[in-house]
Amino acid sequence: MRTTVRRVDTTQLLKGVLDLAVLAALRDEDGYGYDILRRLRAAGLEEVGDASVYGTLRRLFNGGLLNTYVVPSDEGPHRKYYGLNPAGRAELQRSGKIWHGFSSTMDDLLRERGAA
Numbered sequence: 001m002r003t004t005v006r007r008v009d010t011t012q013l014l015k016g017v018l019d020l021a022v023l024a025a026l027r028d029e030d031g032y033g034y035d036i037l038r039r040l041r042a043a044g045l046e047e048v049g050d051a052s053v054y055g056t057l058r059r060l061f062n063g064g065l066l067n068t069y070v071v072p073s074d075e076g077p078h079r080k081y082y083g084l085n086p087a088g089r090a091e092l093q094r095s096g097k098i099w100h101g102f103s104s105t106m107d108d109l110l111r112e113r114g115a116a
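Residue numbers (full-length UniProt numbering): 1 to 116.
1. Please go through the same chain and pick out, in chain order, the residues whose beta-carbon is closer than 8 Å to the beta-carbon of residue 99, but skip the five residues on each side of it.
2. Kindly indicate which residue of 34, 112, 86, 111 has the alpha-carbon position closest to the one of residue 55.
3. Drop a sphere of 10 angstroms on the beta-carbon of residue 48, count the other beta-carbons inside from all chains shown, and report buried for 16 or more, exposed for fewer.
4. Note down the Cα distance separating residue 50 from residue 57, rounded to an integer number of angstroms.
5. At which residue ranges does the UniProt domain "Transcription regulator PadR N-terminal" (22-94) contain complete alpha helix (DSSP H) runs of 4 or more residues, listed in the order of the chain?
6. In angstroms with no decimal places, state the Cα-to-Cα distance between residue 39 and residue 45.
7. By Cβ distance below 8 Å, which residues in the same chain neighbour residue 95 in space, the five residues on each side in sequence not counted?
8. Flag this pair as yes or no: are the beta carbons of residue 31 and residue 82 separated by less than 8 Å?
9. Using the beta-carbon count (16 or more within 10 Å), is residue 43 buried or exposed?
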């Protein structure tokens with residue numbers, strides 16, 4: 001029986017870390033949906049989709065990690081801004097520690113070893 005080796009699918013990796021990425025994007029400044037999407041893409045997550053970010057924002061808000069408020073706009077529709085609340089900051093810190101541990105483990109596994 002042959003098995004097929006699959007390439008690493010970055011979209012699958014992204015699904016696992018999108019909550020953390022969105023929380024991190026909001027660490028220093030509140031933002032509206034498209035603004036947060038631009039921040040993520042500028043940080044190197046070019047493959048992140050609009051619907052994924054908006055869905056993540058709703059989920060994080062419904063989970064009690066974000067506050068929202070609306071800012072009127074003279075140039076179009078009002079914008080709904082999202083910001084970290086204390087629970088969101090605590091989750092960012094907790095999840096960040098988990099990520100760093102996981103990342104360190106993966107770095108160790110992937111590091112080339114010297115010839116024995």
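We put the beta carbon where it would ideally sit given N, CA and C, even for glycine.
Quick caveat, the model's predicted, so the values are computed rather than measured.
Quick answer:
1. 17, 20
2. When each option's Cα is compared against that of residue 55, the closest is 34.
3. buried
4. 11 Å
5. Listed in chain order, the complete alpha helix (DSSP H) runs (minimum 4 residues) inside the UniProt domain "Transcription regulator PadR N-terminal" (22-94) are 33-42, 50-62.
6. 9 Å
7. 19, 20, 23
8. yes
9. exposed
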